[in-house]
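Position one of the sequence shown corresponds to residue 1 (UniProt numbering), numbered consecutively onward. Ideal Cβ positions, reconstructed from N, Cα and C, are used throughout, including at glycine. Since the model is a prediction, treat every value here as computed from it, not as a measurement.
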Amino acid sequence: MWLFGGSSKKQEDNTVVASTPSSEFVSEKSNTPEITNSLQSSFPTIPTFDASKLHPLAGLDKELEYLELDDEKLSTIKGTGNGILPSRGWSDDLCYGTGTLYVSGLGLGGLIGFNEGLKNLPSGSIDHVTGVVKPAPFKLKLNTVLNQVTKHGPHIGNSAGVLGLLYNIIDSSLDAYRGQHDDLNSLLSGALAGAIFKSTSGIKAMGYSTGMMTLAAATWCGFKRLIN
1 MWLFGGSSKK
11 QEDNTVVAST
21 PSSEFVSEKS
31 NTPEITNSLQ
41 SSFPTIPTFD
51 ASKLHPLAGL
61 DKELEYLELD
71 DEKLSTIKGT
81 GNGILPSRGW
91 SDDLCYGTGT
101 LYVSGLGLGG
111 LIGFNEGLKN
121 LPSGSIDHVT
131 GVVKPAPFKL
141 KLNTVLNQVT
151 KHGPHIGNSA
161 GVLGLLYNII
171 DSSLDAYRGQ
181 HDDLNSLLSG
191 ALAGAIFKST
201 SGIKAMGYST
211 GMMTLAAATW
221 CGFKRLIN
């Protein structure tokens, strides 16, 4: 009997010991939300801002118009409002004109160089032992095309950029001197820019350059009239 009694007492002790940690775990688990809530309440909350309420007169709730300028900042010279883009003066014309001509010349020169590279692709080599023509490697062909592109692209782009720089400087100077912007200023600016650009190449080259730039200026004036 004492054997059975002794075993039952040990089982009761084990039961009491085993039940104690589980009750503590339940009590700790029940206190976890309170600790979490206290930690969350201790951190400062980040306020949310409404951009439209920061400055009522700034118009932040509207979409931005990058091509619109304030009327009081536009050029006041007569005839300057006939351009494709609004202009604030000679600096805008200089940036727009020079940049557009440079990028256009760079792209045109790249296309010309690409065409020249395709026309002048290296031919294959003949094997003197077997007499079979071996095609040129692809890397050699690609290098030929890239050489032509980098040869013609920057050359035409730089020339067009210099012409645009000269044209816009002369055109802005004539606008300020005459007090108006018209087709006559554009034609004179094109002629003078072409003459100065080829001034070191002789009279014949100057004549060709002057005629081509005058024709380009006339085409530009006609295009602006067509757009407007």
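Determine, using beta carbons only, whether residue i and residue j come nearer to each other than 8 Å.
i	j	result
L101	G161	yes
T98	G164	yes
W90	S199	no
Which residue from the options puts its Cα closest to that of residue i?
i	options	result
M213	K139, P122, L187 and I170	L187
N125	S172, V133 and L118	The identity of residue 125 in the sequence shown is Ser, whereas the question assumes Asn. With distances taken between Cα atoms, S125 lies closest to V133.
N143	N120, N158, G202 and T210	N120
A217	D183, R225 and I203	D183
I77	H181, I227 and P137	H181
V145	P135, G110 and T210	G110
L118	N158, G202 and L140	L140
S123	Y177, P135 and C221	P135
Can you round the beta-carbon distance between residue i and residue j to whole angstroms, since I take them to be within the 8 Å contact cut?
i	j	result
Y167	G190	6 Å
L174	N185	4 Å
I156	G105	4 Å
Who are the near neighbours of residue i in its chain, counting only those whose CB is closer than 7 Å to its CB and skipping five residues on each side?
i	result
L108	I156
Inter-stretch contact (C-beta, 8 Å, three-pair minimum) for the segment 139–159 and the segment 114–121: They touch, by the three-pair rule.
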